[in-house]
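Have a look at the structure below, then the notes.
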Amino acid sequence: MLAIDSIVLYVEDVQLSMAFYESVFECQPKLLSPTFAVVEFAENVKITLKQADALTPSSQVRGGGTELSIPATSRVELDNLFEQWKKQSVVFAQEREESVYGVNFVALDPDGHRLRVFA
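In full-length UniProt numbering, the protein residues as written are 1 to 119.
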């Protein structure tokens, strides 16, 4: 059976994206080449960042078409993370709100990829 190695996000600036993910997930991304990095922020979950202008083969796809779904263990954890990211000037597409699956918010990375946190 095949296994998925990672989720790949196309980014405009690998260094900028590495700094963002290091800050919000408190992890240490690894630069594997000048245009490619890996972020390991949970057990068995890797996000790879590929600089869009260096893709082989090239692609017209750019950032903003992906949403990462991130569960918080409680409403308190969700609220704390929201406030922490707000202090770090993270941009939000959606503030905290109640929906059919609970409270959630949506943050944006530098390329517009969505980070939905829910509890």
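Glycine residues also receive a C-beta, built at the ideal position from the N, C-alpha and C atoms.
Beta-carbon proximity of residue i to residue j, cut-off 8 Å
i, j, result
"Q61", "L49", "Before going further, note that residue 61 is Val rather than Gln in the sequence given. No, the pair does not count as a contact, with Cβ atoms beyond the cut-off."
"residue 120", "V90", "Given that the chain is displayed from residue 1 to residue 119, the structure contains no residue 120 and the question cannot be resolved."
"S74", "A119", "yes"
"K30", "A37", "yes"
Buried/exposed call for residue i, threshold 16 Cβ in 10 Å
i, result
"I4", "exposed"
"V117", "buried"
"Y21", "buried"
"I7", "exposed"
"N80", "exposed"
"A52", "buried"
"L115", "buried"
"A19", "exposed"
Element boundaries [beta strand (DSSP E), containing residue i]
i, result
"Y10", "7-11"
"V39", "36-42"
"S69", "67-71"
"I47", "45-51"
"R96", "91-99"
"G63", "G63 -> no beta strand (DSSP E), and no H or E assigned at all."
"A107", "102-108"
"S33", "30-33"
Proximal residues to residue i (C-beta, below 8 Å), its chain only, five neighbours per side dropped
i, result
"D111", "L9, Y10, V11, E12, S17, R62, G63, G64"
"A72", "L78, L81, V117, F118, A119"
"S59", "Y10, A52"
Rounded distance between the beta-carbons of residue j and residue i, thought under 8 Å
i, j, result
"L78", "V103", "6 Å"
"F92", "V76", "Rounded, the Cβ-Cβ distance is 19 Å, inconsistent with contact."
Host alpha helix (DSSP H) of residue i (start-end)
i, result
"E22", "14-25"
"R75", "75-87"
Neighbourhood of residue i by C-beta, 7 Å cutoff - its chain only, sequence neighbours within 5 removed
i, result
"L32", "V38"
"W85", "V24, A107"
Beta-carbon contacts of residue i that lie in its chain and below 6 Å, excluding the five residues immediately before and after
i, result
"S69", "R116"
"D109", "F20"
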